[in-house]
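First residue of the sequence shown? That's 6 in the numbering used here, and the numbers climb one at a time after it. Glycine included, each C-beta is placed from N, C-alpha and C at the ideal position. For reference, the structure is listed below as structure tokens.
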Amino acid sequence: MPVIKILPHPQYAPEGTEISAPAGTSICEALLDNGINIEHACDMSCACTTCHVIVRKGYDSLNEAEEEEDDLLDRAWGLEPQSRLSCQAILAQADVTVEIPKYTINHAREN
């Protein structure tokens, strides 16, 4: 089972953490299933950018981003070449390291 290493984030993982998830799971689902409540305002339907992550290791092991995801990512805060929407990034067998950006485009967050 692949391991997702989450780099320290003041809100979601202050110390950083590692979780495991089965291959075929999206990064967003894996985070949520393990108590890391990353924003996902569109309920993981690829309609917003609030679940944006930067894949620091293992980017090439993920499924290829589709055009719709790439178009949405253009609006993400802190966009980098290794950016993905975590709801669309599907784990393979390789471990990945992700950074959750400090900000999203949301002005208000629902709990």
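- Rounded to whole angstroms, C92 and E20 show a C-alpha spacing of 23 angstroms.
- Look at S50 here: in three-state DSSP terms it is coil, with no helix or strand label.
- By the CB criterion at 8 angstroms, S50 and A94 fall outside the cutoff.
- Of the candidates E23, N39, T55, the residue whose Cα lies closest to the Cα of P106 is T55.
- When DSSP reads this structure, L12 sits in no beta bridge, so it has no partner.
- Taking the C-beta atoms as reference points, V101 is found nearer than 8 angstroms to I9.
- Here Q87 really is in contact with Y64; their C-beta atoms are around 5 angstroms apart, less than 8 angstroms.
- In the three-state scheme derived from DSSP, where H, G and I count as helix and E and B as strand, S91 is classed as coil.
- Residue pairing of K62 in beta bridges, as defined by DSSP: T102.
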